[in-house]
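Visitor: In the numbering used here, the protein residues as written are 12 to 350.
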Ligand code: KG4
Ligand code: ZN
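Quick look at the structure:
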């Protein structure tokens with residue numbers, strides 16, 4: 012049975028078709044980055060309108076790429092939250108309308124669950140339990156995932172998400188939106204030990220993160236430099252900033268594995284595309300003997316294949332729940348305890 016996935020929680024309009032062996036038949040992502048770059052961040056109202064413009068062309072392009080007709084769609088899955096309400100509403104309305112027209116079942120998927128499910132597109136035989144480190148522009152969370160589809164939050168950020176820390180600090184350094192990928196590119200030629208940026212909550216025996224102090228430190232540091240010095244030091248500031256974020260993520264993830272006594276770690280979400288984070292976790296995996304699973308680069312950022320994969324997982328485990336209520340703040344653990 013083939014699922015159509017629809018993702019529209021932020022600034023990517025995406026559709027994908029995934030079969031019940033977790034094979035991706037087509038995966039189309041239209042990124043609105045260019046539209047929002049001029050504002051230095053995502054403007055929710057503009058994002059909603061862009062989703063409205065693009066959702067139908069993206070849908071048809073996906074069918075064409077897979078060489079399928081819409082009659083071959085077996086079920087429809089869409090992101091019901093968390094995310095921006097206007098953009099979510101576009102994806103949800105489109106999914107509901109299409110489900111009525113095609114007379115197909117419809118499933119609302121938690122966006123975070125979607126990111127976790129992206130691992131099944133890489134490892135279809137992956138078995139829970141495992142720890143998932145979800146790092147994106149809006150989320151930095153450590154989850155314990157038990158079979159079947161039971162999520163327990165171990166810890167999350169108290170303020171900014173890791174992607175937000177990359178983006179906001181990069182903006183202070185004059186890098187465009189989203190700054191995360193550009194910070195990691197600049198960092199390649201910088202000295203990661205040049206500046207000692209703070210790693211909050213480091214000494215505490217918990218799984219929480221905090222990145223807002225780091226952003227303030229970058230601000231203070233850049234304010235002490237003139238334009239020429241800033242340009243000269245930018246690569247090293249990026250490398251030092253990246254080191255502070257990556258070390259904090261790696262430390263807490265390894266701590267979570269030790270505390271839960273689990274031996275598999277999933278790294279998912281947009282920031283999992285960061286080469287330094289991937290490398291550091293690979294090294295830790297070798298050193299401490301755990302298994303690291305990271306989706307391929309095209310599945311790290313927001314996409315609809317992960318939404319379709321989550322629906323396939325739910326269907327195969329008999330855990331489908333229907334479209335549910337749309338919410339910009341759905342919490343995965345609460346959602347699970349209700350269902
Ligand atoms: O998962 P995602 O596509 O969207 C959300 O659900 O938020 O994550 C986007 C985030 C942005 O903050 C972006 O700057 C960050 O992922 N990101 C990176 C890299 N590639 C994307 N951060 C650091 N290094 C990268 N290479
Ligand atoms: Zn995401």
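Every residue, glycine too, gets a C-beta built ideally from N, C-alpha and C.
DSSP state of residue 44, grouped into three classes?
Guide: Position 33 of the chain shown, counting from 1, holds the residue named residue 44. It is helical.
Visitor: Just jot down, in chain order, the residues whose CB lies closer than 5 angstroms to any heavy atom of the ligand KG4.
Guide: Taken from the N-terminal end onward, the list reads 147, 148, 149, 174, 177, 178, 189, 191, 192, 195, 280, 281, 282, 284, 285, 312, 313.
Visitor: For the ligand ZN, is there a heavy atom less than 7 angstroms away from the beta-carbon of residue 122?
Guide: Taking the first residue of the chain shown as position 1, residue 122 is located at position 111. Yes, since a heavy atom of the ligand ZN falls inside the 7 angstroms radius drawn around the Cβ of residue 122.
Visitor: Please state whether DSSP places residue 203 in a helix, a strand or coil.
Guide: What you label residue 203 is simply residue 192 of the chain shown in a count that begins at 1. DSSP places residue 203 in coil when its eight states are reduced to three.
Visitor: Kindly confirm or deny that the region 157-176 and the region 222-233 touch, where touching means at least three C-beta pairs closer than 8 angstroms.
Guide: yes
Visitor: Do the region 241-261 and the region 187-198 meet, that is, are 3 or more Cβ pairs less than 8 angstroms apart?
Guide: yes
Visitor: Thinking C-beta only, is residue 117 closer than 8 angstroms to residue 306?
Guide: The sequence position of residue 306 within the chain shown is 295, counting from 1. The sequence position of residue 117 within the chain shown is 106, counting from 1. No; because the gap between Cβ atoms is not below 8 angstroms, this pair is not in contact.
Visitor: Give the DSSP-derived three-state secondary structure of residue 220 in the structure shown.
Guide: Indexing the chain shown from 1 puts residue 220 at position 209. Residue state, collapsed to three classes: strand.
Visitor: For residue 134, which residues does DSSP report across the bridge?
Guide: Along the chain shown, read from residue 1 onward, the residue named residue 134 stands at position 123. Paired residues: none, contrary to the question.
Visitor: With H, G and I counted as helix, E and B as strand and the rest as coil, what does DSSP make of residue 95?
Guide: As a working note, residue 95 is residue 84 in the chain shown. Residue 95 falls in the coil class under three-state DSSP.
Visitor: One question on the structure: do residue 59 and residue 97 come within less than 8 angstroms of each other, judged by their Cβ atoms?
Guide: Mapped onto the chain shown, residue 59 falls at position 48. Mapped onto the chain shown, residue 97 falls at position 86. In this structure, residue 97 lies closer than 8 angstroms to residue 59 by Cβ.
Visitor: Please classify residue 277 as buried or exposed, where buried requires at least 16 other C-beta atoms within 10 Å of its C-beta.
Guide: By 1-based counting over the chain shown, the position of residue 277 is 266. Residue 277 comes out buried.
Visitor: Report all residues from its chain with a CB closer than 6 angstroms to the CB of residue 287; omit the five preceding and five following residues, and keep chain order.
Guide: As a working note, residue 287 is residue 276 in the chain shown. Contacts found: 253, 257.
Visitor: Relative to the C-alpha of residue 51, which candidate in 41, 165, 190 has its C-alpha closest?
Guide: Translated into the one-based positions of the chain shown, residue 51 becomes position 40. If we check each option's Cα against that of residue 51, 190 comes out closest.
Visitor: Report yes if the C-beta distance between residue 73 and residue 39 is below 8 angstroms; otherwise report no.
Guide: Residue 73 sits at position 62 when you count from the first residue of the chain shown. Residue 39 sits at position 28 when you count from the first residue of the chain shown. Yes, the pair counts as a contact, with Cβ atoms nearer than the cut-off.
Visitor: Please classify residue 348 as buried or exposed, where buried requires at least 16 other C-beta atoms within 10 Å of its C-beta.
Guide: Indexing the chain shown from 1 puts residue 348 at position 337. With a pLDDT of 46 at residue 348, under the threshold of 50, the modelled position of this residue cannot be trusted, and the question is left open.
Visitor: From the DSSP output, which residues share a beta bridge with residue 119?
Guide: Within the chain shown, numbered from 1, the residue matching residue 119 stands at position 108. Partner(s): 89.
Visitor: Where in the region 266-306 do unbroken runs of the beta strand (DSSP E), each at least 3 residues long, occur, reported from the N-terminal end onward?
Guide: 275-279, 302-304
Visitor: State buried or exposed for residue 114, treating a residue as buried only when at least 16 other CB atoms are found within 10 Å of its CB.
Guide: Taking the first residue of the chain shown as 1, we reach residue 114 at position 103. Classification of residue 114: exposed, given that the 10 Å Cβ count is below 16.
Visitor: If we call anything under 8 angstroms between Cβ atoms a contact, is residue 155 one with residue 275?
Guide: The sequence position of residue 155 within the chain shown is 144, counting from 1. The sequence position of residue 275 within the chain shown is 264, counting from 1. No, the pair does not count as a contact, with Cβ atoms beyond the cut-off.
Visitor: Here's a check: name, in chain order, each residue in its chain whose Cβ is nearer than 7 angstroms to the Cβ of residue 261, leaving out the five neighbours to either side.
Guide: In the chain shown, residue 261 corresponds to position 250, counting from 1. Here the set comprises 291, 292, 295.
Visitor: Can you give me the C-alpha to C-alpha distance between residue 150 and residue 312, rounded to a whole angstrom?
Guide: Taking the first residue of the chain shown as 1, we reach residue 150 at position 139. Taking the first residue of the chain shown as 1, we reach residue 312 at position 301. Taking the straight line joining both Cα atoms gives about 12 angstroms.
Visitor: May I ask you to report which of helix, strand or coil DSSP gives residue 14?
Guide: Counted from its first residue, the chain shown places residue 14 at position 3. In the structure shown, residue 14 sits in a strand (DSSP, three-state: E or B).
Visitor: Do you know how far the Cα of residue 264 is from the Cα of residue 212?
Guide: Counting from one through the chain shown, the residue named residue 212 turns up at place 201. Counting from one through the chain shown, the residue named residue 264 turns up at place 253. Going from the Cα of residue 212 to the Cα of residue 264 covers about 14 angstroms.
Visitor: Give me whichever residues DSSP pairs with residue 156 in a beta bridge.
Guide: To locate residue 156, count along the chain shown from 1; it is residue 145. Answer by DSSP bridge pairing, in chain order: 141, 162.
Visitor: Just mark residue 397 as buried or exposed, buried being the case when its beta carbon has 16 or more other beta carbons within 10 Å.
Guide: Outside the shown range of the chain (12 to 350) lies residue 397, about which nothing can therefore be said.
Visitor: Start and end of the beta strand (DSSP E) containing residue 28?
Guide: By one-based count along the chain shown, residue 28 stands at place 17. Unbroken beta strand (DSSP E) run through residue 28: 23-29.
Visitor: Please classify residue 106: does DSSP put it in a helix, a strand, or coil?
Guide: The residue you call residue 106 lines up with position 95 of the chain shown. Looking at residue 106 - three-state DSSP - the assignment turns out to be helix.
Visitor: Per DSSP, what are the beta-bridge partners of residue 37 in this structure?
Guide: Your numbering for residue 37 matches position 26 in the chain shown. Residue 37 pairs with 28.
Visitor: For residue 80 and residue 126, I'd like the C-alpha separation in whole angstroms.
Guide: The sequence position of residue 80 within the chain shown is 69, counting from 1. The sequence position of residue 126 within the chain shown is 115, counting from 1. The alpha-carbon atoms of residue 80 and residue 126 are separated by roughly 27 angstroms.
Visitor: For residue 167, write down the residues that DSSP places opposite it in a beta bridge.
Guide: Residue numbering aside, residue 167 sits at position 156 when the chain shown is read from its first letter. DSSP, once it has assigned bridges, lists 152 as partnering residue 167.
Visitor: Quick check: the Cα distance between residue 269 and residue 165, rounded to an integer number of angstroms?
Guide: Here residue 269 refers to the residue found at position 258 when the chain shown is read from its first residue. Here residue 165 refers to the residue found at position 154 when the chain shown is read from its first residue. Rounded to the nearest angstrom, the two C-alpha atoms are 12 angstroms apart.
Visitor: Please determine whether the Cβ atom of residue 47 lies at a distance below 7 angstroms from any heavy atom of the ligand ZN.
Guide: To locate residue 47, count along the chain shown from 1; it is residue 36. Answer for residue 47: no, Cβ out of range of the ligand ZN.
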